[in-house]
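Structure first, commentary second.
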Amino acid sequence: MTLLSIDWFFILEKILLISAVLVLSLVVAMYSTWGERKVAAWIQDRLGPNRAGPMGLLQPLADGGKLFFKEEIIPTNSNRFLFILGPSIAMLVACMTSAVIPWGDTLTIAGRTISLQVADVNIGILFIFGVLSVGVYGIMIGGWASNNKYSLLASVRAASQIISYELPMGLALIALLMLTGTLSLKEIVEQQRHDLWNVVYQPLGFFIFLVCAFAECNRAPFDLPEAENELNGGYHLEYSSMKLGFYLFAEYINMFVSSALMATMYFGGYAFPGMDSLGVSPNLLTILGFLALFIKILVFIFFFMWVRWTVPRFRYDQLMRLGWKVMIPLALVNMLITGAIVLFRQH
Amino acid sequence: MQALTNRSKPVDRSPLTFLEKMYVPAIAKGMGITFKHIFKRKATVSFPEQRRQFSPVFRGLHILNRDEEGRERCTACGLCAVACPAEAITMEAAERKPGEEHLYREEKYAARYEINMLRCIFCGFCEEACPKDAIYLSETFAPSNYQRKGFIYGKPDLLIPDPKQSSK
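In structure tokens form, the structure reads like this:
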């Protein structure tokens with residue numbers, strides 16, 4: 001069926017896929033809030049939410065309902081447009097990065113090959129970096145539009161933190177790119193499918209990326225933008241109701257997406273060991289691959305939470321020192337060593 | 001200096017070694033500790049279904065006791081009010097009239113007996129001071145209330161039910 005020479009099935013397929021990915025990331029983020037509370041409780045020898053539904057599984061719905069019904073306040077002296085724009089950008093950016101992550105190999109349905117990736121662009125990693133840097137605007141605009149000096153201070157801190165940690169993150173990725181020779185995430189996964197996972201070749205790079213991912217997601221021990229004790233709550237001090245909910249929710253989506261990214265780039269994505277010798281049909285293999293990726297993501301999300309309830313928050317000068325004086329030199333050394341090895345192997 | 005207990009530990013003030021400065025081993029150790037806690041027994045008591053046992057020396061809400069015949073033991077001597085460090089107890093004495101012998105044990109009784117539960121610190125001194133074994137601290141909490149006056153417990157709140165009446 002070609003009408004006006006547009007492949008309608010292709011558009012339908014992509015719309016379905018985008019919706020599925022969006023719903024998936026929202027549901028995972030929703031249940032991350034539940035998971036966060038459960039993990040915190042377990043680590044602190046408590047039971048955690050267990051009243052709403054079995055195991056407290058309806059807790060995210062209750063929390064969401066509460067946020068929706070809370071009174072919504074926009075401060076009189078704030079810039080109304082920017083005030084609403086802030087959380088919208090945070091949410092939008094968090095959702096956008098999932099577009100280039102390959103969620104699985106290809107499915108074959110009724111003779112059509114459907115790739116489980118919204119967009120296999122050959123600049124996948126660049127796209128992620130581009131989108132991530134827009135994320136700073138969400139925080140910055142939110143803090144600015146509140147017309148509150150504490151919020152502004154917090155958002156300045158948040159912005160400088162994110163910029164400081166984006167540098168070593170990029171440098172760590174450059175080392176990875178030297179090794180893989182491609183920016184397409186799909187190709188990176190396919191290389192790992194037939195070879196060892198990248199984490200074996202890039203342990204230091206992965207470590208740097210992991211630390212920077214914590215900082216980019218504003219997760220503890222780098223959750224300084226919302227330091228209650230010094231800044232009255234942080235850049236979202238003036239936000240209430242679902243706008244605050246969006247900021248907090250965006251953090252969980254970011255966590256999900258960065259877990260997916262780490263799994264894709266360093267832990268083989270949807271590829272798992274012994275994948276090609278299983279001898280099952282390609283469609284089933286794709287589903288198994290998706291499940292493998294999902295498990296990896298859940299492990300990473302658990303790791304994020306585990307760290308949050310173990311490591312205490314940094315002081316701001318310590319955070320900056322770690323970023324500029326430790327992470328960037330480490331990333332540069334990692335890049336140098338990788339470059340030397342790649343050069344050595346070519347000759 | 002002699003140590004008071006055998007648990008004191010000398011503080012190590014030597015500068016950090018390179019490995020310690022990297023923090024990563026220490027963080028890994030900490031993560032190990034928190035991970036172990038996931039499988040430990042939980043200290044939570046799911047309150048309405050499970051209730052924690054009070055210790056035998058727990059001092060809770062007061063009761064005014066009666067004797068075997070169901071008469072009030074309190075003679076309004078005021079020793080409990082004197083002993084009370086928080087000055088939570090107030091009372092008014094009255095004389096027993098003929099025909100009320102089945103109600104009050106002695107000639108004098110408390111017409112009004114009030115304990116302000118907002119002031120009470122549950123020290124148990126009233127219990128100790130009472131020469132007539134009339135006031136005791138039970139094993140229940142003071143229930144919450146919306147108004148301050150709800151915490152002023154009068155005789156109807158404090159007196160235990162008459163054993164003769166409840167047996168009938």
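Those protein sequence lines, which keep their order, are chains A and B. For the first sequence, UniProt numbering begins at 1 and goes up steadily by one. For the second sequence, UniProt numbering begins at 1 and goes up steadily by one. Glycine included, C-beta positions come from ideal geometry on N, C-alpha and C.
Shown here, B:K132 sits in coil according to DSSP, grouped into three states, outside any helix or strand. Taking a contact as a CB-CB distance under 8 Å, the pair A:A172 and A:A340 does not count as one, their CB atoms being some 16 Å apart. Per the DSSP secondary-structure output, A:T97 pairs with nothing in a beta bridge. In this structure, A:T264 sits near A:V189, with a CB-CB distance shorter than 8 Å. Between B:E128 and B:L103 the beta-carbon gap is near 26 Å, outside 8 Å, which marks them as no contact. Contact between A:A175 and A:N334 holds: CB atoms are separated by about 5 Å, below the 8 Å threshold. Per DSSP, B:M91 is one residue of the beta strand (DSSP E) stretching across 89 to 95. Among the residues of the region 34 to 46 of chain A, those with a Cβ less than 9 Å away from any Cβ of chain B are V39, A41, W42, I43, Q44, D45, R46, in the order of the chain. Annotation for A:Y31: no beta strand (DSSP E) segment contains it, though the alpha helix (DSSP H) segment containing it runs 8 to 43. Against B:T17, chain A offers no close residue; the least beta-carbon distance is about 17 Å (beta-carbon pairs closer than 7 Å). The DSSP-derived three-state label of A:N147 is coil. Each residue's CA atom was taken as its position, placing A:E72 and A:E238 some 10 Å apart. Taking 8 Å as the Cβ-Cβ cut-off, the region 300 to 317 of chain A approaches chain B at W306, V307, W309, T310, V311, given in chain order.
Excluding sequence positions up to five before and after B:A110, its CB lies within less than 6 Å of the CB of C74, A76, M91, all in the same chain and listed in chain order.
Among the bridge pairs identified by DSSP, B:H62 is matched with B:L137. Fewer than three beta-carbon pairs drawn from the region 46 to 60 of chain B and the region 322 to 331 of chain A are found closer than 8 Å, and the two stretches are therefore not classed as touching. The Cβ neighbour count for B:L158, taken over all protein chains shown within 10 Å, is at least 16; the residue is labelled buried. In this structure A:E251 is buried. Its beta-carbon is surrounded by 16 or more other beta-carbon atoms within 10 angstroms. Burial check for A:N254: the Cβ neighbour count within 10 Å reaches 16 or more, so the residue is buried.
When the beta-carbon positions are compared, A:M262 and A:C212 stay at least 8 Å from each other.
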